[in-house]
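Peer 1: Before I ask anything, let me first share the structure, which is written out below as structure tokens.
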Amino acid sequence: MTADLRYPIGPMPTPMTLTPAERVEALGHVFALPADLFEAVQGLSEAQLGTPYREGGWTVRQVVHHVAESHMNAFVRLKLALTEDNPVIKPYEEDRWATLADHELVPEVSLNLLDALHSRLGMLLASLDPQGDDWARPWTHPAQGRTYSVDTLLAMYAWHGRHHVAQITALRERLGWS
Ligand code: NI
2 MTADLRYPIG
12 PMPTPMTLTP
22 AERVEALGHV
32 FALPADLFEA
42 VQGLSEAQLG
52 TPYREGGWTV
62 RQVVHHVAES
72 HMNAFVRLKL
82 ALTEDNPVIK
92 PYEEDRWATL
102 ADHELVPEVS
112 LNLLDALHSR
122 LGMLLASLDP
132 QGDDWARPWT
142 HPAQGRTYSV
152 DTLLAMYAWH
162 GRHHVAQITA
172 LRERLGWS
């Protein structure tokens with residue numbers, strides 16, 4: 002049996018509802034992500050940052066930039082869900098985004114971006130009434146033709162940050178970079 006290098010913490014969860022305790026836990030992951038990702042890449046050389054986290058996969062540098070742009074989309078989707086009636090969100094081609102020139106920037110650029118972004122994302126989520134209806138507000142993904150909730154969005158992106166941090170920490174462990 003081989004470890005799944007692509008999904009080190011398992012597949013993305015898509016629950017329609019979370020308990021208040023699960024929301025608190027997920028929000029903790031949202032607030033922790035910028036520091037966790039910073040720690041995951043800390044001390045890596047240029048060559049190490051340019052190493053794919055798995056054969057045929059993104060480089061460590063691309064993973065960091067991907068997390069930033071994915072979570073920028075998450076922030077926009079959350080704001081849409083909180084202000085519109087079941088908005089249809091805009092999917093994007095993440096593999097093509099990863100081939101554009103800004104993915105060659107040093108990771109610090111996206112780490113700083115994530116630091117600011119997650120302050121806003123976390124504060125906004127934390128401002129929602131724990132017993133209120135906002136967690137059930139719907140949004141629709143057109144490609145999948147599925148409607149999700151704000152709870153789902155929180156669960157997805159709490160997982161997503163940890164998922165990519167684990168890809169990098171698993172690589173460091175495998176190659177003995179520690
Ligand atoms: Ni991703």
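Numbered per the working numbering, the sequence shown spans residues 2 to 179.
Virtual Cβ for every residue (Gly too), placed ideally from N, Cα, C.
1) Just checking residue 1 against the ligand NI - is the residue's beta carbon closer than 8 Å to any of the ligand's heavy atoms?
2) For residue 142 and residue 92, which I take to be in contact (beta-carbon distance under 8 Å), what is that distance rounded to the nearest angstrom?
3) Which ranges would you report for the beta strand (DSSP E) in the region 39-81 if only whole runs of at least 3 residues count?
4) Per DSSP, which one or two residues make a beta bridge with residue 158?
5) Using a Cβ-Cβ cut-off of 7 Å (strictly less than) and excluding sequence neighbours within five positions of residue 175, which residues of its own chain qualify?
6) In whole angstroms, what is the alpha-carbon distance linking residue 134 and residue 24?
7) Inspect the beta-carbon positions of residue 78 and residue 155 and report whether they are closer than 9 Å.
8) Mapping the DSSP letters down to three states, classify residue 31 as helix, strand or coil.
9) Pull up the distance between the alpha-carbon of residue 18 and that of residue 6, whole angstroms please.
10) Using three-state DSSP, classify residue 2 as helix, strand or coil.
11) Using DSSP with H/G/I as helix, E/B as strand and the rest coil, what is residue 179?
12) Taking just the CA atoms, how far does residue 15 sit from residue 98?
13) Spatial neighbours of residue 173 within its chain, please: CB distance less than 7 Å, with the 5 preceding and 5 following residues excluded, ordered by chain position.
14) Would you kindly work out how many angstroms separate the C-alpha atoms of residue 136 and residue 119, rounded to a whole number?
15) Does DSSP put residue 110 in a helix, in a strand, or in coil?
Peer 2: In short, the structure shows the following:
1) The structure shown has nothing for residue 1, since the chain only spans 2 to 179.
2) Counting from one through the sequence shown, the residue named residue 142 turns up at place 141. Counting from one through the sequence shown, the residue named residue 92 turns up at place 91. Correct: roughly 7 Å between the Cβ atoms.
3) At a cut-off of 3 residues, not a single continuous stretch assigned as beta strand (DSSP E) sits fully inside the region 39-81.
4) Within the sequence shown, residue 158 is the residue found at index 157, counting from 1. The partner list for residue 158 (beta bridge, DSSP) is empty, contrary to what the question assumes.
5) Position 174 of the sequence shown holds residue 175. Excluding positions up to five away in sequence, the list is empty.
6) As a working mapping, residue 134 is identified with position 133 in the sequence shown. As a working mapping, residue 24 is identified with position 23 in the sequence shown. Cα to Cα, the separation comes out at about 14 Å.
7) Along the sequence shown, one-based indexing puts residue 78 at 77. Along the sequence shown, one-based indexing puts residue 155 at 154. No; because the gap between Cβ atoms is not below 9 Å, this pair is not in contact.
8) The count along the sequence shown starts at 1 and reaches residue 31 at position 30. Three-state DSSP puts residue 31 in a helix.
9) Stepping through the sequence shown from its first residue, residue 18 is reached at position 17. Stepping through the sequence shown from its first residue, residue 6 is reached at position 5. Each residue's Cα considered, the two are about 29 Å apart.
10) Along the sequence shown, read from residue 1 onward, the residue named residue 2 stands at position 1. Annotation note: pLDDT 42 at residue 2 (below 50); position unreliable, no value reported.
11) Looking up residue 179 in the sequence shown gives position 178. Coil, per DSSP.
12) Start at 1 with the first residue of the sequence shown, and residue 98 comes out as number 97. Start at 1 with the first residue of the sequence shown, and residue 15 comes out as number 14. Approximately 24 Å between the Cα atoms of the pair.
13) Position 172 of the sequence shown, counted from the start, is the residue given in the question as residue 173. Answer for residue 173: 179, listed in chain order.
14) In the sequence shown, counting from the first residue as 1, residue 136 sits at position 135. In the sequence shown, counting from the first residue as 1, residue 119 sits at position 118. Cα to Cα, residue 136 sits roughly 18 Å from residue 119.
15) Indexing the sequence shown from 1 puts residue 110 at position 109. In this structure, residue 110 counts as helix in the three-state DSSP scheme.
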